[in-house]
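In what follows, a structure is listed as structure tokens, so that the remarks can point back to it.
2 protein chains.
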Amino acid sequence: MARKQGSHSEITGPRVLEAALRLIARHGYAAVSMRQIAAEVGVQAGALYNYTPDKQSLLFDLMRHHMVELLDALAEADLTGDALSRLKGFTQFHIRFHLPRSDQVFVSYMELRNLVPQNFTAIETMRREYEDALENILRAGEAEGVFAVPDTRVATMALIAMLTGLSHWYREGGRLAMPVIEQIYWDLVRKSVAV
Amino acid sequence: MARKQGSHSEITGPRVLEAALRLIARHGYAAVSMRQIAAEVGVQAGALYNYTPDKQSLLFDLMRHHMVELLDALAEADLTGDALSRLKGFTQFHIRFHLPRSDQVFVSYMELRNLVPQNFTAIETMRREYEDALENILRAGEAEGVFAVPDTRVATMALIAMLTGLSHWYREGGRLAMPVIEQIYWDLVRKSVAV
DNA sequence: GTCTATAATAGGATAGAC
DNA sequence: GTCTATCCTATTATAGAC
Numbered sequence: 010m011a012r013k014q015g016s017h018s019e020i021t022g023p024r025v026l027e028a029a030l031r032l033i034a035r036h037g038y039a040a041v042s043m044r045q046i047a048a049e050v051g052v053q054a055g056a057l058y059n060y061t062p063d064k065q066s067l068l069f070d071l072m073r074h075h076m077v078e079l080l081d082a083l084a085e086a087d088l089t090g091d092a093l094s095r096l097k098g099f100t101q102f103h104i105r106f107h108l109p110r111s112d113q114v115f116v117s118y119m120e121l122r123n124l125v126p127q128n129f130t131a132i133e134t135m136r137r138e139y140e141d142a143l144e145n146i147l148r149a150g151e152a153e154g155v156f157a158v159p160d161t162r163v164a165t166m167a168l169i170a171m172l173t174g175l176s177h178w179y180r181e182g183g184r185l186a187m188p189v190i191e192q193i194y195w196d197l198v199r200k201s202v203a204v
Numbered sequence: 010m011a012r013k014q015g016s017h018s019e020i021t022g023p024r025v026l027e028a029a030l031r032l033i034a035r036h037g038y039a040a041v042s043m044r045q046i047a048a049e050v051g052v053q054a055g056a057l058y059n060y061t062p063d064k065q066s067l068l069f070d071l072m073r074h075h076m077v078e079l080l081d082a083l084a085e086a087d088l089t090g091d092a093l094s095r096l097k098g099f100t101q102f103h104i105r106f107h108l109p110r111s112d113q114v115f116v117s118y119m120e121l122r123n124l125v126p127q128n129f130t131a132i133e134t135m136r137r138e139y140e141d142a143l144e145n146i147l148r149a150g151e152a153e154g155v156f157a158v159p160d161t162r163v164a165t166m167a168l169i170a171m172l173t174g175l176s177h178w179y180r181e182g183g184r185l186a187m188p189v190i191e192q193i194y195w196d197l198v199r200k201s202v203a204v
């Protein structure tokens, strides 16, 4: 607490991103100052520039890290089998990945407009890749004859919005436990695309 | 264009709110300055304070107006009949009300965290009233035995998230016309709560 | 690697002339 | 009702000492 000088690059670096994530999720990118982030980390504002060239890069790093982690985890989930199994797997994956990451979800969905064009495009490309994973499952189900979806693209957007919305209102320790909520959402998803 | 002086209270007042809505929807509350809003209206920053006591009131007025308009329109929609008809009516109402108001939807969903506590509570109360209208329909359908919803509250949040998500990606003149999209969403909603 | 100090700019809000 | 001018505060980012 009393130490004011010293080198902590391996500690401070991640702490800057953590503090930025927490503060931006709570107050929004434009509303959070570099001084606030520095105070949260326990350094002076100037020290932040050892870890990020500017505020924009901080936001972009947060969002890129979230999307890379998401796509990596999806690849590892290795959803195989018939379309219904894959849809159930995707639904569970989406909920289990996003629910413990409410700050990341908040930032990734709210702060897109604060990315400069180049960074925006990079994030959108990754997001599109994730959406396509779900759409491919819906297409497969159509081909198998187990899903009846008038338009797979619209259904994809609708289902992702429904699932992601969960992150906006779910609070740990609430009325319903996580497995129960997961079951309820799977029930809604399954029926919505059923024949 | 050349006139720099004069009284236009009845013109300028609404124009301030319109400009604020457009700019805040695009860039976010914290990122938009009073000077930007004034420039959009075509006055100097100081003149704005004839129409709003401060920036916070501007945001609150935008969100309150949106919610009041929503609840009034819902009351006029007068959804009656059996639960399935009411659900279809609600779905159509939600889409038709929100789709032409993408700026309002954006602001109302993104800027809640920038409201001071008192204003936040006021908006949340109105939002809850709207959600309850849908939940009542789902309850009625359960009672009639035409819906099978494990938890009406969770289903309410899920369906509203799905429907509102439409406002985030729909663009006029896109691949699908509005009535088509409306039909697709109704199909998803109807099946998701079906027995 | 972090500090202090500061440059350069922009912010919300107000006062007083017209 | 609007303007100009200004107060006061806060901002991002940089420079140089330690």
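Heads up: the protein sequence lines correspond to chains A and B, in order.
For the first sequence, the residue numbers in this note's numbering are 10 to 204.
For the second sequence, the residue numbers in this note's numbering are 10 to 204.
Ideal Cβ placement from N, Cα and C applies to all residues, glycine included.
>> Residues of chain B with CB closer than 7 Å to the CB of A:I190, please, in chain order.
In response: Taking the first sequence and counting its residues from 1, the one referred to as residue 190 of chain A is at position 181. Per Cβ cutoff of 7 Å: V163.
> Skipping 5 residues on each side, what residues in its chain have a beta carbon closer than 7 Å to that of A:V158?
Replying inline: Walking along the first sequence from the start, residue 158 of chain A turns up at place 149. For A:V158, where only same-chain residues beyond five positions count, the Cβ hits under 7 Å are L147, E151, A164, V202.
>> Within 8 Å of any Cβ in chain B, is that where the Cβ of A:F99 sits?
In response: Counted from its first residue, the first sequence places residue 99 of chain A at position 90. False, the Cβ-Cβ gap to chain B never drops below 8 Å.
> Taking the runs of the beta strand (DSSP E) that are 3 residues or longer, which of them lie wholly in the segment 12-82 of chain A?
Replying inline: none
> Is A:S203 helix, strand or coil when you go by DSSP?
Replying inline: Locating residue 203 of chain A in the first sequence gives position 194, where the first residue counts as 1. According to the sequence as given, residue 203 of chain A is Ala; it is not Ser. Of the three classes helix, strand and coil, the one that applies to A:A203 here is strand, per DSSP.
>> I believe A:L88 touches A:F99 by the beta-carbon criterion, under 8 Å. Please report the beta-carbon distance rounded to the nearest angstrom.
In response: Here residue 88 of chain A refers to the residue found at position 79 of the first sequence. Here residue 99 of chain A refers to the residue found at position 90 of the first sequence. That pair is a contact at about 6 Å.
>> Can you tell me whether A:Q127 is buried or exposed? The criterion is at least 16 other CB atoms within 10 Å of its CB, across all chains shown.
In response: In the first sequence, residue 127 of chain A corresponds to position 118, counting from 1. Classification for A:Q127: exposed.
>> Given this structure, state the Cα-to-Cα distance separating B:V41 from B:V125, to the nearest angstrom.
In response: Start at 1 with the first residue of the second sequence, and residue 41 of chain B comes out as number 32. Start at 1 with the first residue of the second sequence, and residue 125 of chain B comes out as number 116. Computed Cα separation, rounded: 17 Å.
>> Distance check for B:L30 and B:R110, CA to CA, integer angstroms please.
In response: Reading the second sequence from its first residue, position 101 is the one you call residue 110 of chain B. Reading the second sequence from its first residue, position 21 is the one you call residue 30 of chain B. When rounded, the distance between both Cα atoms is 11 Å.
>> On a Cα-Cα basis, can you pick out the residue from B:D112, B:E120, B:A131, B:D196 that is closest to A:F156?
In response: Here residue 156 of chain A refers to the residue found at position 147 of the first sequence. Checked all of B:D112, B:E120, B:A131, B:D196; the closest Cα to A:F156 is B:D196.
>> Under 8 Å, Cβ to Cβ, is there at least one residue of chain A near B:I146?
In response: In the second sequence, the residue the question calls residue 146 of chain B occupies position 137. Taking Cβ atoms only, chain A never reaches closer than 8 Å to B:I146, which makes this a no.
> According to DSSP, which residues form a beta bridge with B:F156?
Replying inline: Locating residue 156 of chain B in the second sequence gives position 147, where the first residue counts as 1. B:A203.
>> Is there a C-beta anywhere in chain B that falls below 8 Å from the one on A:V143?
In response: Numbered from 1 along the first sequence, position 134 holds the residue referred to as residue 143 of chain A. In the sequence as presented, Val is not what sits at residue 143 of chain A; that position holds Leu. By this cut-off, A:L143 is not an interface position.
> Tell me which same chain residues have a C-beta within less than 6 Å of the C-beta of A:A86, skipping the five on either side of it?
Replying inline: Against the first sequence, residue 86 of chain A aligns to sequence position 77. Excluding positions up to five away in sequence, the list reads F102.
> Rounded to whole angstroms, how far is the Cβ of A:M119 from the Cβ of B:M119, which I believe are closer than 8 Å?
Replying inline: Here residue 119 of chain A corresponds to residue number 110 of the first sequence, with the count starting at 1. Here residue 119 of chain B corresponds to residue number 110 of the second sequence, with the count starting at 1. Yes, they are in contact, since the Cβ atoms of A:M119 and B:M119 sit about 6 Å apart, within 8 Å.
> Closest Cβ-Cβ distance between A:K13 and chain B: below 8 Å?
Replying inline: Here residue 13 of chain A is taken as the residue at index 4 of the first sequence, counted from 1. The predicted position of A:K13 is uncertain, since its pLDDT is 46 and thus under 50; a value taken from the coordinates is nonetheless stated next. No - not a single Cβ of chain B is within 8 Å of the one on A:K13.
>> Tell me which residues share the same chain as B:V116 and place their Cβ nearer than 7 Å to its Cβ, disregarding the 5 neighbours each side in the sequence.
In response: Within the second sequence, the letter at position 107 stands for residue 116 of chain B. So the list reads L30, I33, A34, L71, M72, once near-sequence residues are dropped.
> Is there contact between the segment 167-177 of chain A and the segment 168-180 of chain B, where contact requires at least three CB pairs shorter than 8 Å?
Replying inline: yes
> Quick one: what's got a C-beta closer than 8 Å to A:M49's C-beta in the same chain, skipping five residues either side?
Replying inline: Here residue 49 of chain A refers to the residue found at position 40 of the first sequence. Correcting the residue type first, residue 49 of chain A is Glu in the shown sequence and not Met. These residues qualify, in order along the chain: A28, R31, L32.
> Applying a beta-carbon distance threshold of less than 7 Å, which residues of chain A neighbour B:A203?
Replying inline: For the purposes of this step, residue 203 of chain B is identified with residue 194 of the second sequence, where counting begins at 1. Ordered by position in chain A, the residues that pass the 7 Å Cβ test against B:A203 are K200.
> Nearest CA to the CA of B:L57: which residue from B:G37, B:E181, B:D81, B:R24?
Replying inline: Residue numbering aside, residue 57 of chain B sits at position 48 when the second sequence is read from its first letter. Answer by Cα proximity: B:R24.
> What's the call for A:V204, buried or exposed, on a 16-neighbour Cβ count within 10 Å?
Replying inline: Within the first sequence, residue 204 of chain A is the residue found at index 195, counting from 1. Burial call: exposed.
> Using Cβ-Cβ distances below 8 Å, what residues of the segment 107-130 of chain B are close to chain A?
Replying inline: M119, R122, N123
>> Going by beta-carbon coordinates alone, are A:S176 and A:L68 separated by less than 8 Å?
In response: As a first step, residue 176 of chain A must be located in the first sequence, where it is residue number 167. As a first step, residue 68 of chain A must be located in the first sequence, where it is residue number 59. No, Cβ-Cβ distance for A:S176 and A:L68 is not below 8 Å.
>> Against B:R35, what residues of chain A qualify as contacts under a CB-to-CB distance less than 9 Å, listed in chain order?
In response: Against the second sequence, residue 35 of chain B aligns to sequence position 26. In chain order: R122.
>> Give me the residue from A:R199, A:M76, A:G51 with the minimum Cα distance to A:A131.
In response: Here residue 131 of chain A refers to the residue found at position 122 when the first sequence is read from its first residue. Of the candidates A:R199, A:M76, A:G51, the one whose C-alpha sits nearest the C-alpha of A:A131 is A:M76.
>> I'd like the span of the alpha helix (DSSP H) that includes B:T173, first residue to last.
In response: Within the second sequence, residue 173 of chain B is the residue found at index 164, counting from 1. Run containing B:T173: 161-178, per the alpha helix (DSSP H) assignment.
> What does B:W178 touch in chain A if you count any residue whose Cβ is under 8 Å from its own?
Replying inline: Counting from one through the second sequence, the residue named residue 178 of chain B turns up at place 169. Within 8 Å Cβ-Cβ: M166.
> Using 8 Å as the limit for Cβ to Cβ distance, is B:P159 near chain A?
Replying inline: Along the second sequence, one-based indexing puts residue 159 of chain B at 150. Judged by the 8 Å Cβ criterion, B:P159 is in contact with chain A.
>> With a threshold of 7 Å on Cβ separation, who are the neighbours of A:Y38 within its own chain once the five nearest residues in sequence on each side are excluded?
In response: In the first sequence, the residue the question calls residue 38 of chain A occupies position 29. Contacts found: L68, E120, N123.
> Could one say the Cβ of B:I132 lies closer than 8 Å to chain A's Cβ atoms, at least one of them?
Replying inline: Residue mapping note: residue 132 of chain B aligns to position 123 of the second sequence, counting from 1. With 8 Å as the cut-off, B:I132 does not count as an interface residue toward chain A.
> Name the chain B residues whose beta carbon is nearer than 9 Å to that of A:Y194?
Replying inline: Position 185 of the first sequence, counted from the start, is the residue given in the question as residue 194 of chain A. Those are V163, A167, listed as they occur along chain B.
> What are the boundary residues of the alpha helix (DSSP H) that A:A236 is part of?
Replying inline: Since the displayed chain A opens at 10 and closes at 204, residue 236 of chain A lies outside it and no answer follows.
> Out of curiosity, what's the CA-to-CA distance linking A:R44 and A:Y60?
Replying inline: In the first sequence, residue 44 of chain A corresponds to position 35, counting from 1. In the first sequence, residue 60 of chain A corresponds to position 51, counting from 1. A:R44 and A:Y60: Cα-Cα distance of roughly 14 Å.
> From this set, B:H17, B:D81, B:A82, B:E78, which residue's C-alpha is nearest B:V52's C-alpha?
Replying inline: Taking the second sequence and counting its residues from 1, one reaches residue 52 of chain B at position 43. It is B:H17.
>> At a CB distance below 7 Å, what residues from the segment 42-76 of chain A approach chain B? Give them in sequence order.
In response: none
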